[in-house]
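For the sequence shown, the numbering used here assigns the number 55 to the initial residue and increments by one for each residue that follows.
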Amino acid sequence: MSEKIFLASTNAGKRAEFAALLAAHGLELGPAIEYPEVEESAADYLGNAALKAEALQHELRSRGIAAIVLADDSGLEIDALAGAPGIRSARYGGAELSWPQRRALILAELARVPDASRTATFHCALVAIDDAGNRYRGLGETRGCIVRGERGEGGFGYDPLFLPEGQSRTYAEASAAEKAITSHRARALQALVAAMH
Ligand code: IMP
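In structure tokens form, the structure reads like this:
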């Protein structure tokens with residue numbers, strides 16, 4: 055049985071990952087729905103994911119659609135930058151920066167940091183709300199390190215900079231299937247689905 059899940063994100067990279075990750079759990083990604091942008095004002099990833107899920111559910115209800123909504127809030131925490139960019143990952147360095155500029159900023163900030171100290175963690179918090187208002191959460195994280203220059207053409211966001219622990223390819227060099235084996239998002243979804251059953 056395939057059940058449609060509406061994702062509170064228009065980020066093409068995240069949506070593509072979720073389409074494949076949800077399918078592996080017998081779930082189907084619903085179409086992208088525009089909803090009024092929410093200020094990500096919570097103190098942590100889970101709080102921000104809840105704000106996004108609530109906003110999308112509100113929008114769907116106003117359109118008469120009853121469905122499970124899912125929201126992802128994620129970020130990259132670099133140890134040598136005291137956990138930055140963290141919950142500000144999407145806007146680090148200023149919302150006006152392009153992604154190549156944002157990645158270049160990180161690389162410049164880490165220029166003098168030796169290899170052994172370039173460790174980082176990707177975090178993902180998921181919140182799902184079903185039509186009855188039940189809430190489910192899933193958290194996932196992946197340790198790795200920040201490489202010295204961009205590597206790979208695939209993925210999105212910080213993927214070209216992140217080498218997961220024990221791997222030889224960055225997330226931008228890995229296939230989608232390979233990223234899904236170690237990714238913070240895949241782990242969070244695993245935990246979320248377990249909580250829903
Ligand atoms: P959010 O939309 O507020 O959750 O923003 C999270 C930011 O972290 C996004 O801008 C992403 O680019 C970045 N990010 C989260 N997960 C990943 C990932 O799997 N790969 C690369 N960047 C990611």
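Glycine is no exception: its CB is placed at the ideal position from the N, C-alpha and C atoms.
How should residue i be labelled, buried or exposed, when 16 other C-beta atoms within 10 angstroms of its C-beta is the threshold for buried?
| i | result |
| --- | --- |
| Asn188 | exposed |
| Arg166 | exposed |
| Gln111 | buried |
| Met55 | Low confidence applies here, because Met55 scores a pLDDT of 43, under 50, leaving its location unreliable and the question unanswered by this model. |
| Glu227 | buried |
| Gly203 | exposed |
| Gly252 | Examination of residue 252 is not possible in this model, given that the chain is present from 55 through 251 alone. |
| Ser143 | buried |
| Thr64 | exposed |
| Ala120 | exposed |
| Ser152 | exposed |
Residue i bridges to which residues according to DSSP?
| i | result |
| --- | --- |
| Arg197 | Thr175 |
| Arg191 | Val181 |
| Ile87 | BP columns for Ile87 are empty, so no partner. |
| request: Report the residue ranges of all alpha helix (DSSP H) runs contained in full by the region 107–165; include only those spanning at least 4 residues, in chain order. | output: The qualifying runs are 153–163.
| Is the region 93–110 touching the region 166–181, taking contact as three or more C-beta pairs under 8 angstroms? | They touch, by the three-pair rule.
| Counting Cβ pairs, one atom from each stretch, are 3 or more of them under 8 angstroms apart for the region 235–246 and the region 207–217? | Because the criterion of three Cβ pairs below 8 angstroms is not met, the region 235–246 and the region 207–217 do not touch.
| task | Answer yes if the region 118–133 comes into contact with the region 57–69, meaning at least three C-beta pairs across the two stretches below 8 angstroms, and no otherwise. | result | Result yes; three or more Cβ-Cβ pairs closer than 8 angstroms.
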